[in-house]
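Peer 1:
Protein chains: 2
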Amino acid sequence: MANEQDNLRYLEDLYVGARFKSDTHALDTEQIKTFAGQFDPQPFHLDEAAAELSLFGGLAASGWHTAAVTMKLLVTGPLKIAGGVIGAGAELSWPMPTRPGDVLQVESEIVEIVPSRSRSDRGIVTLQVETRNQRGDVVQKMLAKLLVRRLVKNDAK
Amino acid sequence: MANEQDNLRYLEDLYVGARFKSDTHALDTEQIKTFAGQFDPQPFHLDEAAAELSLFGGLAASGWHTAAVTMKLLVTGPLKIAGGVIGAGAELSWPMPTRPGDVLQVESEIVEIVPSRSRSDRGIVTLQVETRNQRGDVVQKMLAKLLVRRLVKNDAK
Numbered sequence: 005m006a007n008e009q010d011n012l013r014y015l016e017d018l019y020v021g022a023r024f025k026s027d028t029h030a031l032d033t034e035q036i037k038t039f040a041g042q043f044d045p046q047p048f049h050l051d052e053a054a055a056e057l058s059l060f061g062g063l064a065a066s067g068w069h070t071a072a073v074t075m076k077l078l079v080t081g082p083l084k085i086a087g088g089v090i091g092a093g094a095e096l097s098w099p100m101p102t103r104p105g106d107v108l109q110v111e112s113e114i115v116e117i118v119p120s121r122s123r124s125d126r127g128i129v130t131l132q133v134e135t136r137n138q139r140g141d142v143v144q145k146m147l148a149k150l151l152v153r154r155l156v157k158n159d160a161k
Numbered sequence: 005m006a007n008e009q010d011n012l013r014y015l016e017d018l019y020v021g022a023r024f025k026s027d028t029h030a031l032d033t034e035q036i037k038t039f040a041g042q043f044d045p046q047p048f049h050l051d052e053a054a055a056e057l058s059l060f061g062g063l064a065a066s067g068w069h070t071a072a073v074t075m076k077l078l079v080t081g082p083l084k085i086a087g088g089v090i091g092a093g094a095e096l097s098w099p100m101p102t103r104p105g106d107v108l109q110v111e112s113e114i115v116e117i118v119p120s121r122s123r124s125d126r127g128i129v130t131l132q133v134e135t136r137n138q139r140g141d142v143v144q145k146m147l148a149k150l151l152v153r154r155l156v157k158n159d160a161k
C-alpha cells in the first residue's frame, strides 16, 4: 500500500525525543515453559514448585523471553523503519521478573542519532526501550543501537 | 547425584580468567523462521527472496534467536552455578549474521567478580561470552552480569 510505504522512516525522518508505544502481549505459563524448555532450561522457568524455592520465589520467564517479546512489540509497533529494525547491539537489564499472566507493553524513545562517517547511506539510532507489565512495573530496560538507512540523494554533479 | 551437586559453583569457587566451552547447536532454516515468526517477524528472517534484497543479503537469524541459543549453550555448559544462571543484565553486539546451517558454540571467560556490599549472600560475576559459528567467526559478543550465591558461613559470634 502506498500509505504504508509513506510511513517508513529514514534517518532524516527521526528526531531525538520521539516516543513510541507498542501494542500489548499477554504472557502465560505455557509460553514461559515452552520458551524456557527450548532456550533456558532452568527449574525456576519450568516448574512452579522448584521456582518457589529459587531466588525468584515463583515461576518467572527467562529474561531472553522478555527480550524476544519486546522485539516482537517493537517490530509490530508504530516506528516503521525503512529496511527494518536491525540491531547492531543492545544493553539490557531486568529490574524485576516477568510472571505468568503479565501483559507486556513497550515504550521507547529516541535518545541519539548519529550518521555514519564512513557510510553515507546509514546511521545509528539509539533507542531507549522500557518493557512494562500491566501494573506499570519496568521488567526490562534496554538501550538498543539500530542501523537506520539514510535517504541517499543523488547529488553528485 | 552427589557428583553433580559437588560441581555446583558458588562465588568463592570462581576466579577471574576461568574459561568454559559449551556444546554446539546447529541452526537450520526452520528454526530461524519459527523463532522469527513468533518474535521478530521481519522479511529478512522469514523469506529467502526478501532477505536477498535486504542489508543481510540472505536469510539471517534474529539476533534475539542467537542470544537465546547462546543462553541454552551456557545453561547446558560446564559452568554449573549454584542457584542457576540468573542474569542481572547484559551488553550484546552482533558483529555478523547467523545463517541457516551455522553450528554455534559458546566460549566464555570470567572477567570480574564483585561480592555484594549490601547482601552478604551473593555477588555479581561478569562473564565475557563469545558465540562462534563453525568457521570460528564471532556472531555475538556479550558481557553478562550474573547473580551468584556465596557460601554463607555462620560466623556470627
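Here the protein sequences come in this chain order: A and B. When we follow our numbering, the leftmost residue of the first sequence carries the number 5, and every step to the right adds one. When we follow our numbering, the leftmost residue of the second sequence carries the number 5, and every step to the right adds one. Just so you know, even glycine gets a beta-carbon here, dropped at the ideal spot from N, CA and C. No experiment lies behind these values; they were computed from the predicted model shown.
1) Is the Cβ of B:I128 closer than 9 Å to any Cβ of chain A?
2) For the region 42-82 of chain B, which segments carrying the alpha helix (DSSP H) assignment without a break, of at least 4 residues, lie completely within its bounds, in sequence order?
3) Given a limit of 8 Å on CB to CB distance, which residues of the region 89-108 of chain B reach chain A?
4) Does A:Q138 come out as helix, strand or coil in the three-state DSSP assignment?
5) Name the DSSP beta bridge partners of A:F24, please?
6) Can you give the Cα-Cα distance for B:A86 and A:I117, rounded to whole angstroms?
7) Using a Cβ-Cβ distance cut-off of 9 Å, determine whether B:K37 contacts chain A.
8) Can you list, in chain order, the residues of its chain with a C-beta nearer than 7 Å to that of A:V20? Leave out the 5 residues immediately preceding and following it.
9) When you compare only the Cα positions, how much space is there between B:E34 and B:L50?
10) Helix or strand or just coil, what does DSSP make of A:T102?
11) Note down, in chain order, each residue of its chain lying with its Cβ closer than 6 Å to the Cβ of B:L155, except the 5 sequence neighbours on either side.
12) What's the C-alpha gap between B:A148 and B:V133?
13) So if DSSP puts A:V129 in a beta bridge, which residue, or which two residues, is it bridged to?
14) Please go through the same chain and pick out, in chain order, the residues whose beta-carbon is closer than 7 Å to the beta-carbon of B:I36, but skip the five residues on each side of it.
15) Among the residues of its own chain, which have a CB less than 8 Å from the CB of B:A92, if the five just before and after it don't count?
16) Measuring CA to CA, which of A:R23, A:A53, A:V73 and A:T80 is closest to B:P47?
17) Could you check the C-alpha separation between B:S122 and A:K145 for me, to the nearest Å?
18) Cβ of A:Q132 less than 9 Å from any chain B Cβ?
19) For the beta strand (DSSP E) holding A:I90, just list the boundary residues, first then last.
20) Confirm, please, whether the CB-CB distance from A:V89 to A:L162 is below 9 Å.
21) Can you give the Cα-Cα distance for A:D106 and A:R139, rounded to whole angstroms?
22) Nearest to B:N137 by CA position, among B:R23, B:H29 and B:A94, is which residue?
23) Quick one: using the 10 Å Cβ neighbour count with 16 as the cut-off for buried, is B:M75 buried or exposed?
24) Given B:D32, which residues of its chain have a CB within under 6 Å of its CB, disregarding the five upstream and five downstream residues?
25) At least one CB of chain A closer than 9 Å to the CB of B:D17: is that the case?
Peer 2: In short:
1) Here residue 128 of chain B refers to the residue found at position 124 when the second sequence is read from its first residue. Chain A, which has no Cβ nearer than 9 Å to the Cβ of B:I128, makes this no.
2) 47-50, 52-56 and 67-79
3) V89, I90, G91, A92, G93, A94, E95, L96, S97 and W98
4) Along the first sequence, one-based indexing puts residue 138 of chain A at 134. Here A:Q138 sits in coil by DSSP.
5) As a working mapping, residue 24 of chain A is identified with position 20 in the first sequence. The partner list for A:F24 (beta bridge, DSSP) reads A:S112.
6) The sequence position of residue 86 of chain B within the second sequence is 82, counting from 1. The sequence position of residue 117 of chain A within the first sequence is 113, counting from 1. Rounded to whole angstroms, B:A86 to A:I117 spans 42 Å at the Cα level.
7) Numbered from 1 along the second sequence, position 33 holds the residue referred to as residue 37 of chain B. Not closer than 9 Å to any Cβ of chain A, the Cβ of B:K37 fails to qualify, so no.
8) Against the first sequence, residue 20 of chain A aligns to sequence position 16. These residues qualify, in order along the chain: I114, V115, E116 and I117.
9) Looking up residue 34 of chain B in the second sequence gives position 30. Looking up residue 50 of chain B in the second sequence gives position 46. For B:E34 and B:L50, the distance between alpha carbons rounds to 9 Å.
10) In the first sequence, counting from the first residue as 1, residue 102 of chain A sits at position 98. Correct three-state label for A:T102: coil.
11) Mapped onto the second sequence, residue 155 of chain B falls at position 151. Here the set comprises Y14 and E16.
12) For the purposes of this step, residue 148 of chain B is identified with residue 144 of the second sequence, where counting begins at 1. For the purposes of this step, residue 133 of chain B is identified with residue 129 of the second sequence, where counting begins at 1. Using only the alpha carbons, I get a separation of about 7 Å.
13) Translated into positions along the first sequence, residue 129 of chain A becomes position 125. Looking at the DSSP assignment, A:V129 forms a beta bridge with A:I117 and A:L150.
14) Within the second sequence, residue 36 of chain B is the residue found at index 32, counting from 1. Same-chain partners within the cutoff: H49, L63, A65, H69 and P104.
15) Translated into positions along the second sequence, residue 92 of chain B becomes position 88. Once the five neighbours on either side are set aside, the close Cβ partners of B:A92 are I128, K149, L150 and L151.
16) Within the second sequence, residue 47 of chain B is the residue found at index 43, counting from 1. For the residues A:R23, A:A53, A:V73 and A:T80, the minimum Cα distance to B:P47 belongs to A:T80.
17) To locate residue 122 of chain B, count along the second sequence from 1; it is residue 118. To locate residue 145 of chain A, count along the first sequence from 1; it is residue 141. Distance between the alpha carbons of B:S122 and A:K145 is about 23 Å.
18) Mapped onto the first sequence, residue 132 of chain A falls at position 128. For A:Q132, the answer is no, since every Cβ of chain B falls outside 9 Å of its Cβ.
19) Looking up residue 90 of chain A in the first sequence gives position 86. A:I90 -> beta strand (DSSP E) spans I90 to S97.
20) Residue numbering for chain A in the displayed model covers 5 to 161; residue 162 of chain A lies beyond these limits and cannot be assessed.
21) Position 102 of the first sequence holds residue 106 of chain A. Position 135 of the first sequence holds residue 139 of chain A. If I take the Cα positions, the gap works out to 9 Å.
22) On the second sequence, residue 137 of chain B is found 133 positions in, with the first residue counted as 1. Comparing Cα positions, the closest option is B:H29.
23) Stepping through the second sequence from its first residue, residue 75 of chain B is reached at position 71. The residue is buried, with at least 16 neighbouring Cβ atoms inside 10 Å.
24) Taking the second sequence and counting its residues from 1, the one referred to as residue 32 of chain B is at position 28. Same-chain partners within the cutoff: P104.
25) Your numbering for residue 17 of chain B matches position 13 in the second sequence. By this cut-off, B:D17 is not an interface position.
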